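Let me begin by presenting the structure, written as structure tokens, before commenting on it.
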Ligand code: SME
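See the structure below:
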């Protein structure tokens, strides 16, 4: 039984510190990437408010393929360069999108989504996956979220 829960009403930076610590503890010594992605997706859903989807797309044979997540069923395959996820995977840069309806080529897996944060996970400089967070609120994500998820991506890059 694991009981990693965010402290109530703590500042965002502290929430991310606790989230990163929990992710490091949960994945330590576990070699199975699916198990680790599944637990990290569950942590994202537990720690971060106002999300309707949180999880992974993995790079498989040159395209993104759906990985473990929490939320509604989603698009399974996304070509590099397509949508928010494929754009972030193609150039290895985070995408923080305040209004997905204004993002050219956004892939609407869930019509409730209004804003999105996509952070590439890199190993030895190569993108191996992306972490995708979706919110029903416009402009849900800011630079603190970006930094928090980029830190998480570094922590888990050797474990997924
Ligand atoms: N909206 C994403 C697709 C993935 S889902 O949101 C889970 C995109 O445009 O890449």
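Numbering (the working numbering), first residue to last: 953 to 1112.
For glycine and all other residues, C-beta sits at the position ideal for the given N, C-alpha and C.
Computed from a predicted model, the values in this text were never measured in an experiment.
Asked, Found
"CA-to-CA distance, residue 1069 to residue 1087, given in whole angstroms", "9 Å"
"Separation of residue 1083 from residue 958, as counted between CA atoms", "20 Å"
"Distance cut-off 6 Å: residue 1028 Cβ against heavy atoms of the ligand SME", "no"
"Cβ-heavy atom distance, residue 1083 to the ligand SME, below 6 Å", "no"
"Helix, strand or coil at residue 958 according to DSSP, with G and I counted as helix", "coil"
"Residue 1058 Cβ short of 6 Å to the ligand SME heavy atom set", "yes"
"Own chain residues within Cβ distance below 7 Å of residue 976, not counting five before or after", "1107"
"Three-state secondary structure (DSSP) of residue 1072", "strand"
"Contact under 7 Å by Cβ, residue 1024 with residue 1017", "no"
"Heavy atom of the ligand SME within 6 Å of residue 1017 beta-carbon", "no"
"Neighbour-count burial assignment, residue 972, 16 or more Cβ in a 10 Å radius", "buried"
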